[in-house]
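Q: The sequence shown runs 0 to 58 under numbering that gives the first Met the number 0.
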Amino acid sequence: MDGDACEEIGHACSELVNMAPAELEKWLASDQSRGAGQHKGVLDRAARAAAPSASAAPR
Numbered sequence: 000m001d002g003d004a005c006e007e008i009g010h011a012c013s014e015l016v017n018m019a020p021a022e023l024e025k026w027l028a029s030d031q032s033r034g035a036g037q038h039k040g041v042l043d044r045a046a047r048a049a050a051p052s053a054s055a056a057p058r
């Protein structure tokens, strides 16, 4: 990756991230953060449901 690409990625990240590092750490430690987004168990169940079963595998 050249310097221009790295600079472009850094600029895009700066525009999207709206918290200073200390603010982000504080938010990540909050109950609100723990209640947001998807959780590992949900993703694991979705992956198992999408995976073909062993009995359906070709022989």
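For glycine and all other residues, C-beta sits at the position ideal for the given N, C-alpha and C.
If you follow the alpha helix (DSSP H) that residue 32 is part of, which residue opens it and which one closes it?
A: 30-34
Q: Looking at the structure shown, is residue 3 part of a helix, part of a strand, or coil, going by DSSP?
A: helix
Q: Following the continuous alpha helix (DSSP H) through residue 20, name the residue where it begins and the one where it ends.
A: That run of the alpha helix (DSSP H) goes 20-27.
Q: Output yes or no for whether 9 Å exceeds the beta carbon distance between residue 16 and residue 27.
A: no
Q: Taking the C-alpha atoms as reference points, what is the distance between residue 1 and residue 9?
A: 13 Å
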